[in-house]
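Engineer: Just add 1 to wherever you are in the sequence shown, counting from 1, and you've got our numbering.
My questions all concern the structure below.
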Amino acid sequence: MSYQGKSILVVDDEPMIAEDLCESLEESGYKVFLPSHSGVDAIRQVQQGEPDLVLMDINLKGDLDGISTAQAIQKIHDCAIIYLTANADSQTLQRAKMTSPFGYIIKPFRERELHALVEISLYKHAQEKRARVRQNLFLQTLQNTPDAILVLNHQQQIQFMNPSAEKLLALAFETIQGHNLDDVLYFSWPESGERVIELAQIEALTPLVLHRADQSHCHVRVYTSALHDLHGHFQGRMLHLYLDHSLHVDTGPLRGTQSGNELLTVCAACKQIRNPDGSFSSFEVFFRQYYQMRFSHGVCPPCFEQLYPDYLEKLKH
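What follows is the structure, given as structure tokens:
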């Protein structure tokens with residue numbers, strides 16, 4: 002895949018080198034900005050034009066050297082950065098590594114090497130950008146799902162917990178991150194009461210009793226899935242926890258809510274339920290938030306008759 006047409010900004014305080022680079026890139030089909038000869042001007046051009054790639058002189062003269070300019074650019078725009086260098090000491094190169102550049106071009110450069118590195122950098126940046134978008138969507142899905150989800154590493158240390166899991170366990174993720182799962186909760190078999198020793202024993206939606214750190218417990222259904230790296234090596238497990246409402250008896254207080262033994266205040270007119278803070282929520286919102294219930298929707302026969310009388314008439318004939 003060719004990335005011709007992508008935009009590139011050249012930043013170099015030596016005008017002749019900058020012009021040579023721009024000319025070479027333009028001949029290869031790239032859209033090239035007017036070259037920048039200072040860090041301040043480079044930042045301004047990035048803000049205005051948002052290039053796909055920046056070729057940056059690592060030893061740029063002025064108040065901002067190439068590395069400082071690259072760091073400033075990364076804060077305002079997502080683009081690939083390639084450093085241009087004739088000679089750089091080890092300390093400068095160590096600083097440059099912190100900006101995660103896509104490569105280095107040694108002056109004097111060869112056009113073939115330049116074009117190859119530009120193409121590879123544009124490709125890698127596009128791939129990384131797509132991966133970040135997918136990761137962000139996946140993270141948002143995990144964060145917003147009503148299912149309680151925990152991620153453990155191979156040592157059963159907690160690496161991730163979504164808000165639904167925080168609510169179910171009544172614990173903040175920050176307080177238990179890196180802790181061993183056994184220090185936070187454990188499962189037992191509902192029939193025998195024996196503790197579940199191996200998570201691998203848990204099959205799809207297995208009914209279990211969840212024991213919290215505060216000694217309370219509740220009935221849940223648990224699904225575990227093994228996590229592997231790209232080479233198939235075991236990395237840990239993901240736990241999905243669902244309150245089992247068919248058996249649900251939660252011995253812990255319904256923290257911050259009206260407990261199951263108290264009356265629910267329901268508006269006589271609109272039938273909304275009063276929240277602990279005095280506001281009112283719909284039936285579904287209330288029970289989803291405080292009891293982790295899930296809902297499916299249908300239409301009962303009386304409502305169907307009222308809503309779709311014409312359809313019923315057609316069925317008769």
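No residue lacks a Cβ here, since even glycine has one placed at the ideal position from N, Cα and C.
What whole-angstrom Cβ distance do residue 166 and residue 151 have, given they're in contact under 8 Å?
Structural biologist: 5 Å between Cβ atoms; contact.
Engineer: Decide yes or no for the touch test of the region 83-94 against the region 54-61: beta carbon pairs closer than 8 Å, at least 3 of them.
Structural biologist: Cβ pair count under 8 Å is three or more, so yes.
Engineer: Taking its Cβ as the centre, do 16 or more other Cβ atoms sit within 10 Å of residue 293, making it buried, or is it exposed?
Structural biologist: Flag for residue 293 reads buried.
Engineer: So which of 149, 76, 102 has the shortest CA-CA distance to residue 82?
Structural biologist: Nearest option by C-alpha distance: 102.
Engineer: By DSSP, does residue 147 sit in helix, in strand, or in coil?
Structural biologist: Reduced to three states, the DSSP call for residue 147 is coil.
Engineer: Check whether the region 174-187 touches the region 210-221, counting contact only when three or more Cβ pairs, one atom from each stretch, lie closer than 8 Å.
Structural biologist: Touching, per the Cβ criterion.
Engineer: Return helix, strand or coil for residue 42, following the three-state DSSP convention.
Structural biologist: Residue 42: helix per DSSP, three-state reduction.
Engineer: DSSP state of residue 101, grouped into three classes?
Structural biologist: Residue state, collapsed to three classes: coil.
Engineer: Below 8 Å, how does it come out for the region 133-145 and the region 105-122: are there three or more Cβ pairs, yes or no?
Structural biologist: Flag = no, the region 133-145 and the region 105-122 do not touch.
Engineer: List, from N- to C-terminal side, the beta strand (DSSP E) runs of 3 residues or more that fit wholly inside the region 219-245.
Structural biologist: You should have 235-244.
Engineer: Kindly give me the distance between the Cβ atoms of residue 223 and residue 244, rounded to whole angstroms, as I take these residues to be in contact under 8 Å.
Structural biologist: Rounded, the Cβ-Cβ distance is 11 Å, inconsistent with contact.
Engineer: Does the Cβ-Cβ distance between residue 100 and residue 77 come in under 8 Å?
Structural biologist: No, Cβ-Cβ distance for residue 100 and residue 77 is not below 8 Å.
Engineer: Who are the Cβ neighbours of residue 38 in its own chain at under 6 Å, not counting the five residues just before and after it?
Structural biologist: Same-chain partners within the cutoff: 14.
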